[in-house]
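Numbering (our numbering), first residue to last: 153 to 729. C-beta: ideal position from N, C-alpha, C; glycine also. Below: the structure, in structure tokens.
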């Protein structure tokens with residue numbers, strides 16, 4: 153059953169008093185310039201909201217207005233409509249009945265699209281109206297590239313040639329019609345749809361593993377055509393400007409690709425393994441833009457204190473955590489706020505991840521001796537107000553950075569440490585003099601990323617005996633907390649998690665801490681830090697998120713284990729007795 157309008161959409165909206173005749177003319181003029189549909193034009197101009205427009209269409213066309221964000225969908229039903237047509241006509245098959253199909257559309261008044269869809273699906277269509285943003289999200293969830301990847305892998309393997317026999321011209325970046333090019337394109341497209349941070353290509357004895365890191369956890373796709381691995385590696389090396397003849401040594405490179413409208417920087421690392429070469433690619437979506445400090449998830453009170461530290465004219469502020477904990481995102485968020493015409497900012501990075509206007513960014517190059525310490529010495533002679541050092545990697549870099557902070561510069565940097573307290577101790581272990589650390593260091597922010605509970609499939613969760621005992625070391629009211637856990641659905645790809653949120657701790661230097669650092673007394677420093685006002689360890693903030701239903705007991709205990717906090721042995725537990 154196809155919905156029919158007795159009047160054109162614009163005339164109908166005017167007739168029902170939703171918009172005025174003048175507003176309709178304004179929208180029609182804008183539509184002629186943009187070429188977009190009238191409904192989109194009306195919402196873009198703010199003359200009517202998307203929900204108001206869709207509710208109006210639902211009533212006028214006598215079709216249901218559906219929220220598909222909480223609706224379970226069957227992948228085999230969705231894929232009855234090919235992705236190309238689904239995206240072109242903004243349509244999604246929700247149900248497949250014997251005599252008709254239920255299809256969600258963002259524009260149910262598009263009669264030409266309805267006729268085309270009915271011809272493709274070979275069944276009468278019953279229409280439901282849905283928000284376009286929900287449709288686009290559903291497309292990315294359900295139209296995965298795994299089938300394309302398997303198909304292109306078979307095509308590449310069927311050429312029955314080893315990597316050494318490939319014509320290098322066929323592997324060049326110019327020819328996009330080769331099987332290896334189409335395979336890589338599908339791999340990148342699937343990663344972008346899944347919002348993966350990394351792609352791992354790992355040859356094994358009788359298969360090829362392609363894994364994606366999504367929300368910090370690897371998801372695996374197995375390809376039986378193991379002999380295509382060398383062709384993939386060759387192509388990626390050519391794209392990244394690496395030596396294709398060198399297979400015995402690790403190599404690092406970088407390339408830039410455009411995938412589904414996203415500008416992606418790819419940092420590539422190769423490593424020889426038993427069955428060939430393993431490749432890991434870090435994906436950085438430049439088109440997504442920088443996150444502000446508010447968007448990092450930093451709590452309001454902690455954010456206020458952090459901003460006060462950034463306003464100080466000199467001193468060192470460290471952001472610490474392991475790889476993938478969001479340190480760079482926090483530092484770039486801080487630089488974006490500090491980036492003013494009256495402020496000279498220089499960064500020393502390896503690599504430069506985001507290009508920022510007005511900021512002088514230096515890329516480290518160890519091959520020509522352009523190291524952190526060498527660049528940092530020159531930086532101090534460039535009259536900067538603020539210096540950002542990508543990482544404190546050695547004694548020389550740490551000492552130059554600390555002296556820069558002591559001589560009137562605000563220095564921002566990172567360390568790979570477990571928590572804020574161990575970061576100051578690490579500087580001492582690196583050989584920095586205690587008096588210099590005490591005089592220069594102002595504060596340390598430690599952070600982690602924990603996975604968010606998928607709100608669509610979240611259900612109450614009761615911790616088991618051991619979990620209750622371990623959590624009891626963090627708070628006294630564990631028994632009263634109503635925890636949540638996702639059971640898995642199509643929106644979270646059956647993981648129970650969707651997205652991540654930052655967990656932070658902020659340690660500001662006090663007089664007692666500085667005295668302990670001057671004397672290099674790490675025990676007194678740790679005790680003074682834990683007793684300082686305003687200090688809350690990472691585990692407490694993670695538990696706070698669990699109280700709110702944002703994360704799970706599993707994520708809290710995983711973080712506690714990562715930061716190596718001491719917990720009592722569960723064998724002595726007396727819970728429930």
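- Scanning its chain for C-beta atoms nearer than 8 angstroms, with the 5 sequence neighbours on each side dropped, one finds around residue 479 the residues 471, 472, 473, 566 and 599, in chain order.
- Between residue 284 and residue 202, the C-beta spacing is below 9 angstroms.
- For residue 687, there is no enclosing alpha helix (DSSP H), as DSSP marks it with neither H nor E.
- Under DSSP, residue 567 shares a beta bridge with 472.
- In this structure, the straight-line span from the alpha carbon of residue 235 to that of residue 287 is close to 12 angstroms.
- Contact between the region 487-503 and the region 512-525 is present, with at least three C-beta pairs closer than 8 angstroms.
- Annotation: residue 590 is outside any beta strand (DSSP E); the continuous alpha helix (DSSP H) that includes it extends over 586-592.
- About 5 angstroms separates the beta carbons of residue 665 and residue 680, which is inside the 8 angstroms limit, making them a contact pair.
- Judged by DSSP secondary structure, residue 404 falls within the beta strand (DSSP E) whose first and last residues are 403-411.
- Taking a contact to require three or more Cβ pairs closer than 8 angstroms, the region 618-637 and the region 654-669 do not qualify as touching.
- Classified as buried, residue 589 has 16 or more neighbouring CB atoms from the shown chains inside 10 Å of its CB.
- Taking 8 angstroms as the upper bound for CB-CB distance, residue 273 and residue 253 are in contact here, some 6 angstroms apart.
- At a Cβ-Cβ threshold of 9 angstroms, residue 444 and residue 420 do not count as neighbours.
- Counting the other Cβ atoms within 10 Å of the Cβ of residue 575 gives 16 or more, which makes it buried.
- Within a 10 Å sphere around the beta-carbon of residue 394 sit 16 or more other beta-carbons, which makes this residue buried.
- By the 16-neighbour rule on beta-carbons within 10 angstroms, residue 630 is buried.
- Taking each of 564, 526 and 530 in turn and checking the Cα distance to residue 539, the smallest one comes out for 564.
- In the DSSP assignment, residue 635 falls within the unbroken beta strand (DSSP E) covering 635-638.
- The three-state reading of DSSP puts residue 504 in coil, since its state is none of H, G, I, E or B.
- Approximately 6 angstroms separates the beta-carbon atoms of residue 643 and residue 293; this is inside 8 angstroms, confirming the contact.
- Collapsing the DSSP output to three states places residue 490 in a helix.
- DSSP places residue 430 in no alpha helix (DSSP H) but in the uninterrupted beta strand (DSSP E) bounded by 428-437.
- In chain order, 392, 393, 394 and 420 place their CB closer than 6 angstroms to the CB of residue 405, counting only its own chain and leaving out the 5 sequence neighbours on each side.
- When DSSP reads this structure, residue 355 sits in a beta bridge with 360.
- Within the same chain, 466, 467, 468, 563 and 592 come within 7 angstroms of residue 557 by CB-CB distance, once the 5 residues on both sides are set aside.
- Contiguous alpha helix (DSSP H) elements confined to the region 189-267 occur at 190-196, 202-213, 227-230 and 235-241, taking only those with 4 or more residues.
- Segment contact: the region 640-658 against the region 691-705, three or more CB-CB distances shorter than 8 angstroms; contact assigned.
- The three-state reading of DSSP puts residue 482 in helix, counting H, G and I together.
- Membership of residue 380 in any beta strand (DSSP E) is not indicated, and neither H nor E is assigned to it by DSSP.
- Between residue 488 and residue 461, the gap from beta carbon to beta carbon reaches 9 angstroms or more.
- Going by C-alpha positions, residue 595 is about 14 angstroms away from residue 578.
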